[in-house]
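Everything below concerns the one structure shown next.
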Amino acid sequence: MIKTEELEKGCMAKALPEEMTFVLLARDPAAPATIRFWMKERNRLGRNTEPLDEQLAEAEMCALYMDSQRPQIKEALRRKEGKE
18 MIKTEELEKG CMAKALPEEM TFVLLARDPA APATIRFWMK ERNRLGRNTE
68 PLDEQLAEAE MCALYMDSQR PQIKEALRRK EGKE
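Heads up: the sequence shown begins at 18 in our numbering, then just goes up one per residue.
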């Protein structure tokens, strides 16, 4: 999910106040593969078994978006750090 578009029904809104969470950023080249591993593990555990499961579809969309977004993010970070 894009930070500015966080929804009330999203996982961060559902987290308990004391519940630990972990965030992946699109700039991390390991992030999309990590999301895809999570998807496979959810399926293996029987948590998301429907082929068109909404949660898994959103996760795959996120991984694809991260893949496509990374070059622009890397460039923006270079500019921010003054490494043009």
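Backbone N, C-alpha and C define an ideal beta-carbon position, used for all residues, glycine too. Quick caveat: nothing in here was measured; it's all calculated off a predicted structure.
The beta-carbon distance between Pro49 and Ala93, rounded to whole angstroms, is 18 angstroms. This is too long to meet the 8 angstroms contact definition. Counting along the chain, Ala93 sits inside the alpha helix (DSSP H) bounded by residues Glu71 to Lys97. Rounded to whole angstroms, the gap between the alpha carbons of Arg61 and Glu67 is 12 angstroms. Spanning the alpha carbons of Ser85 and Lys97 requires a straight line of approximately 20 angstroms. The Cβ neighbour count for Ala43, taken over all protein chains shown within 10 Å, is at least 16; the residue is labelled buried.
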